[in-house]
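A short write-up of the structure that comes next.
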Amino acid sequence: IEGGASHEFQLPADIGEDRLLLCPQGHFAANVETLHGEQTSCPECGEKLSETKGIEVGHTFYLGTKYSSVANAVFSSAENKPQLAEMGCYGLGVTRILAASIEVLSTEDSIRWPSLIAPYQLCFIPPKRGSREEEEGAALLERVYDELAQALPQLAGDAVLDDRSQLTIGKRLKDAQRLGYPYVVVAGKRVCEDPPVFEVWDQNAGEVLFLTKEGVIELLSKVQVP
Ligand SMILES: [Zn+2]
Numbered sequence: 001i002e003g004g005a006s007h008e009f010q011l012p013a014d015i016g017e018d019r020l021l022l023c024p025q026g027h028f029a030a031n032v033e034t035l036h037g038e039q040t041s042c043p044e045c046g047e048k049l050s051e052t053k054g055i056e057v058g059h060t061f062y063l064g065t066k067y068s069s070v071a072n073a074v075f076s077s078a079e080n081k082p083q084l085a086e087m088g089c090y091g092l093g094v095t096r097i098l099a100a101s102i103e104v105l106s107t108e109d110s111i112r113w114p115s116l117i118a119p120y121q122l123c124f125i126p127p128k129r130g131s132r133e134e135e136e137g138a139a140l141l142e143r144v145y146d147e148l149a150q151a152l153p154q155l156a157g158d159a160v161l162d163d164r165s166q167l168t169i170g171k172r173l174k175d176a177q178r179l180g181y182p183y184v185v186v187a188g189k190r191v192c193e194d195p196p197v198f199e200v201w202d203q204n205a206g207e208v209l210f211l212t213k214e215g216v217i218e219l220l221s222k223v224q225v226p
């Protein structure tokens with residue numbers, strides 16, 4: 001496509017097919033192909049550019065009036081004068097964005113989605129059927145959900161409950177990690193403590209926190225729901 005400026009959107013990744021040159025300070029990034037070997041240092045800070053590989057996930061083109069002039073695509077301006085439309089086109093590799101996110105962010109046994117494309121933000125895992133904490137744990141988890149629905153209705157609408165309680169917590173936690181919910185709230189053994197303590201997996205930080213109901217709500221209130 002010909003026209004004016006174009007921008008590539010790349011995610012740095014070792015398996016990528018494109019070669020990129022980046023300023024270590026983040027001022028500048030370009031595909032080697034577009035530089036014709038002329039640029040070796042950052043135009044802003046002068047630091048040497050370092051080379052990395054990248055996966056292209058999007059490409060935008062500014063077309064200006066190249067096509068609108070041919071098709072005579074005009075609109076009335078604020079001054080009520082006919083004016084040629086400015087055009088652009090936006091190519092986003094939808095499936096490639098998913099694949100590249102997994103490649104760049106995930107670990108060996110868990111997917112880490114950016115919250116914008118996570119299937120759900122939150123997964124609740126109640127105790128295993130027949131366990132000592134089954135009844136109390138399920139009721140307490142429900143109470144966390146009710147309070148969440150009050151305090152953070154958007155997040156509550158972006159939550160799932162894994163009620164396959166015939167499975168162990170460990171099995172369901174593994175599945176949750178493979179599906180990549182950013183947060184997993186587990187009612188494990190410690191829900192029988194006073195006050196009850198929940199296990200919260202912060203998938204993207206790769207850490208597990210032990211929190212009371214209030215602590216869970218406080219943590220989740222910082223989550224940005226897309
Ligand atoms: Zn720089």
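The opening residue of the sequence shown carries number 1 in the UniProt record's numbering; numbering runs sequentially from there. We put the CB at the ideal spot given by N, CA and C, even for glycine. In this text, all values refer to a predicted model and were calculated from it rather than measured experimentally.
The alpha-carbon separation between K128 and P114 amounts to approximately 30 Å. Closest in C-alpha terms to S6, from the list G91, L179, G157, comes G91. Using a Cβ distance threshold of 8 Å, L11 and A99 do not count as a contacting pair.
As a beta-bridge residue in DSSP terms, D18 pairs with G54.
These are the residues, in chain order, with a beta carbon less than 6 Å from any non-hydrogen atom of ligand 1: C23, Q25, H27, F28, C42, E44, C45, E47. A contact between stretches requires three or more CB pairs, one per stretch, nearer than 8 Å, and the region 124–143 meets this requirement with the region 183–194. The Cβ neighbour count for R172, taken over all protein chains shown within 10 Å, is at least 16; the residue is labelled buried.
Taking 8 Å as the cut-off, the beta carbon of C89 is found closer than this to the beta carbon of F61. In the DSSP assignment, D202 falls within the unbroken beta strand (DSSP E) covering 198–202.
Partner residues in the beta bridge of K48, as assigned by DSSP, are S41. Taking C-alpha positions only, A85 is separated from H59 by approximately 21 Å. Shown here, C192 sits in a helix according to DSSP, grouped into three states.
With fewer than 16 other Cβ atoms inside 10 Å of its own Cβ, Q150 counts as exposed. Setting aside the 5 residues that flank it on each side, R178 is surrounded in the same chain by D109, S110, I111, each with a C-beta closer than 8 Å to its C-beta; the list follows chain order. A straight line joining the alpha-carbon of C23 with that of L49 spans about 5 Å. Straight-line spacing of the CA atoms in D146 and I55 works out to 42 Å. The Cβ-Cβ distance between H27 and E44 falls below 8 Å. Here the alpha carbons of K81 and E103 stand approximately 50 Å from one another. One alpha carbon belongs to G16, the other to L35, and they sit about 18 Å apart. Between F198 and V223, the gap from beta carbon to beta carbon reaches 8 Å or more.
Scanning its chain for C-beta atoms nearer than 7 Å, with the 5 sequence neighbours on each side dropped, one finds around E47 the residues C23, P24, Q25, S41, in chain order.
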